[in-house]
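What follows is the structure, encoded as structure tokens:
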């Protein structure tokens, strides 16, 4: 089974795992699934069997990508909270990862209609002290002719 996030022929989906060295973390813990002392993290199923998380306000994940769209995936649940997303030094918004039950592989954020040949900087920041923000993976839609991949700042 194949999932396409854009119409065929309009771009190439590039997946960036949370464990990639292309993401720069400040205040996050990165772990293999099943090895965390946090039950909501420990019991989940994650892309490439890894997850990066924090419960400290101000902790951030920073990376860049070339493409027209970005999708960020991670878990949600009662112990998760509010986070902020910035793209190209502009705050896009504040979002809430809190749900009544633990859910995995959840679309936390997406943006489309970006300049497809431009490099975009992304910062995802936890805004809720004591509540978790966890990142599993990101998908960017890159131009078919682009050989560039997502990179850390």
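Numbering (the numbering used here), first residue to last: 22 to 174. Idealized CB from N, CA, C, for every residue including glycine. These figures come from a predicted structure and were not determined experimentally.
Annotation: the continuous alpha helix (DSSP H) that includes residue 63 extends over 60–63. Among the bridge pairs identified by DSSP, residue 146 is matched with 81, 105.
Its Cα nearest to that of residue 140, the residue 162 stands out among 106, 81, 162.
The three-state secondary structure of residue 69, taken from DSSP, is helix. A contact is defined here as three or more CB-CB pairs under 8 Å, and the region 45–52 meets this definition with respect to the region 68–78. A Cβ-Cβ separation of about 22 Å leaves residue 40 out of contact with residue 100 under the 8 Å criterion.
Its chain contains 61, 98 as the residues whose beta carbon lies nearer than 6 Å to that of residue 123, once the 5 sequence neighbours on both sides are disregarded; these appear in chain order. About 6 Å separates the CB atoms of residue 84 and residue 143; that is less than 8 Å, so the two are in contact.
Less than 9 Å separates the beta-carbon of residue 106 from that of residue 145. DSSP places residue 134 in the coil class of the three-state scheme, outside both helix and strand. In the DSSP assignment, residue 117 falls within the beta strand (DSSP E) that extends over 111–117. DSSP places residue 57 in the coil class of the three-state scheme, outside both helix and strand. At the C-beta level, residue 80 and residue 135 stay beyond 9 Å of one another. Under a 10 Å Cβ-count criterion, residue 55 is classified as exposed, with fewer than 16 other Cβ atoms of the shown protein chains found around its own Cβ.
Within its own chain, the residues whose Cβ lies closer than 6 Å to the Cβ of residue 156, once the five positions on either side in sequence are excluded, are 39, 73, 82, 95, listed in chain order. In the DSSP annotation of this structure, the continuous segment of the beta strand (DSSP E) that includes residue 38 starts and ends at 33–38.
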